[in-house]
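Engineer:
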Amino acid sequence: MKTKNYITSSILLLAVMACVVPGLSQPSVSPAFDPGALSTVVGLTANAAVTQTAVAAQPLSTEAVSGDAMPSLTETAATTLEQLPDGSTKYMDSEAGFEVVFPSGWLTLRANSDEFNSALKKEAAKNELLRAQMELDLAEYEPGTHRLYSYPLRPDIEKNFAFGFSKLKWDSEDSVPINENSMGELVRGLESSGAIPGLRVDTAQLYENGNQVKVIEVGGQFSFSNDLGEIIPFYYSAVFFKPSNGSTVRISLVYLKDYKLPIYEDVTSVINSIKLLDE
1 MKTKNYITSS
11 ILLLAVMACV
21 VPGLSQPSVS
31 PAFDPGALST
41 VVGLTANAAV
51 TQTAVAAQPL
61 STEAVSGDAM
71 PSLTETAATT
81 LEQLPDGSTK
91 YMDSEAGFEV
101 VFPSGWLTLR
111 ANSDEFNSAL
121 KKEAAKNELL
131 RAQMELDLAE
141 YEPGTHRLYS
151 YPLRPDIEKN
161 FAFGFSKLKW
171 DSEDSVPINE
181 NSMGELVRGL
191 ESSGAIPGLR
201 VDTAQLYENG
211 NQVKVIEVGG
221 QFSFSNDLGE
231 IIPFYYSAVF
241 FKPSNGSTVR
251 ISLVYLKDYK
261 LPIYEDVTSV
271 INSIKLLDE
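At position 170 of the sequence shown the residue is numbered 170 (this note's numbering), and the sequence of numbers has no breaks.
1. Comparing C-alpha positions only, which one of Gly-97, Phe-102, Gly-184, Glu-185 sits nearest to Phe-165?
2. How close, in whole Å, do the beta carbons of Val-201 and Gly-184 come, if the pair is a contact with beta carbons under 8 Å?
3. Do you know offhand how far Ile-178's Cα is from Tyr-255's?
4. Using beta-carbon positions only, say whether Glu-173 and Gly-246 come within less than 8 Å of one another.
5. From which residue to which residue does the alpha helix (DSSP H) around Lys-121 run?
6. Buried or exposed: where does Ala-139 fall if 16 or more other Cβ atoms within 10 Å of its Cβ makes it buried?
7. Buried or exposed for Glu-122, please, with buried defined as at least 16 other CB atoms from any protein chain shown within 10 angstroms of its CB.
8. What is the DSSP secondary structure of Asp-266, counted as helix, strand or coil?
9. What first and last residue would you give for the beta strand (DSSP E) that runs through Glu-99?
10. So what does DSSP say about Asp-174, is it helix, strand or coil?
11. Classify Ser-237 as helix, strand or coil using the three-state DSSP reduction.
12. Tell me whether Asp-86 is buried or exposed, calling it buried when 16 or more other Cβ atoms sit within 10 Å of its Cβ.
13. Measure the alpha-carbon distance for Thr-79 versus Ser-175 and round it to whole angstroms.
14. Determine, using beta carbons only, whether Thr-145 and Asp-171 come nearer to each other than 8 Å.
15. Can you name the start and end residues of the beta strand (DSSP E) that Gln-205 belongs to?
16. What distance in whole Å lies between the Cβ atoms of Leu-153 and Arg-110, which are believed to be in contact at a cut-off of 8 Å?
17. Given a threshold of 16 other Cβ atoms within 10 Å of its Cβ, counted over all protein chains shown, does Arg-188 qualify as buried or as exposed?
18. Quickly, what does DSSP pair Pro-152 with across the bridge? List them, please.
19. Residues bridged to Leu-256 by DSSP?
20. By DSSP, does Glu-158 sit in helix, in strand, or in coil?
21. Give the straight-line distance between the Cα atoms of Ile-157 and Asp-278, rounded to the nearest whole angstrom.
22. Does the beta-carbon distance from Glu-99 to Lys-275 come in below 8 Å?
23. So, using beta-carbon positions, are Glu-97 and Pro-233 closer together than 8 Å?
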């Protein structure tokens, strides 16, 4: 896709995770990466501030995500966030021209919104992992481009934890089509640039979801080594689709590989829920 000055997608959460996962400790280096636009991958840069600010997590007391976490229907002029009866959350973006649903157990929040600020004061105050990532997301917010954040808390798997993070970005000026060529360029860039340390792509698919939306899905494992020499495996998934010929949406997700099976089921449901709005 067209080269853009994307804000780096953070792995600050990975550094904090290493503090609280049993047997793991805080990494000595906490890099940041940008998975890149579809045609361009930005090189790895050091994020020294992470090492200075990441702290060992205190005992956590996060409660299950409930319907009280946000109003059942939250609207702005361009977007709507609606909590559905099954606990999932539907995001509708009339400006960009699409909707997507994140499953129950994911804390889904619009960027630069009242519900984001409220969750940062409430849910994140009780969850060090969530707080660290939300604060960085807030600091890196890019108006108009960053649209949505969703955090897989999944208290049904393990309470008082966060298993990763996801970010949805909209490029309103991207006319490069989604096809085999652009998918191949993305895969080559991801593996050769070092933007995601040690990433080996094991999934690269071009297909239509259940709503006849053409998507590119790319995924692969990378590892994060801590100061004890322990290797912590993570999984990266990225989904690209075009609400219009001149725009592209990217959903980037990073999560612990040990929990790939249940989290990837959620990722699949997110992909299948993508729907383009009528012109």
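Glycine included, C-beta positions come from ideal geometry on N, C-alpha and C.
The structure displayed is predicted, hence computed values, not measured ones.
Structural biologist: The short version:
1. Of Gly-97, Phe-102, Gly-184, Glu-185, the residue nearest in Cα terms is Phe-102.
2. Val-201 to Gly-184, Cβ: 11 Å. No contact.
3. Spanning the two alpha carbons is a distance of roughly 25 Å.
4. The answer is yes: Cβ separation under 8 Å.
5. 114 to 121 is the extent of the alpha helix (DSSP H) around Lys-121.
6. The residue is exposed, with fewer than 16 neighbouring Cβ atoms inside 10 Å.
7. Residue identity differs from the one stated: residue 122 is Lys in this sequence, not Glu. Looking at its Cβ environment, which holds fewer than 16 other Cβ atoms inside 10 Å, Lys-122 is exposed.
8. DSSP, read as helix, strand or coil, puts Asp-266 in helix.
9. Annotation for Glu-99: the continuous beta strand (DSSP E) segment containing it runs 98 to 102.
10. Annotated three-state conformation of Asp-174 is coil, per DSSP.
11. Reduced to three states, the DSSP call for Ser-237 is strand.
12. Looking at its Cβ environment, which holds fewer than 16 other Cβ atoms inside 10 Å, Asp-86 is exposed.
13. Straight through space, the alpha carbons of Ser-175 and Thr-79 are spaced by roughly 23 Å.
14. In contact: Thr-145 and Asp-171 (Cβ atoms closer than 8 Å).
15. DSSP places Gln-205 in the uninterrupted beta strand (DSSP E) bounded by 200 to 208.
16. With 8 Å as the limit, Arg-110 and Leu-153 do not qualify as a contact, their Cβ atoms being about 17 Å apart.
17. By the beta-carbon neighbour count (other beta carbons within 10 angstroms, threshold 16), Arg-188 is exposed.
18. DSSP lists Trp-106 as partners of Pro-152.
19. Bridge partners of Leu-256: Phe-234.
20. Glu-158 carries a coil assignment under DSSP once its states are collapsed to helix, strand and coil.
21. So the alpha carbons of these two residues sit roughly 37 Å apart.
22. Against a cut-off of 8 Å, the Cβ pair of Lys-275 and Glu-99 comes out as a contact.
23. Position check: residue 97 holds Gly in this sequence, whereas Glu was assumed. Cβ distance not < 8 Å, so Gly-97 and Pro-233 don't count as in contact.
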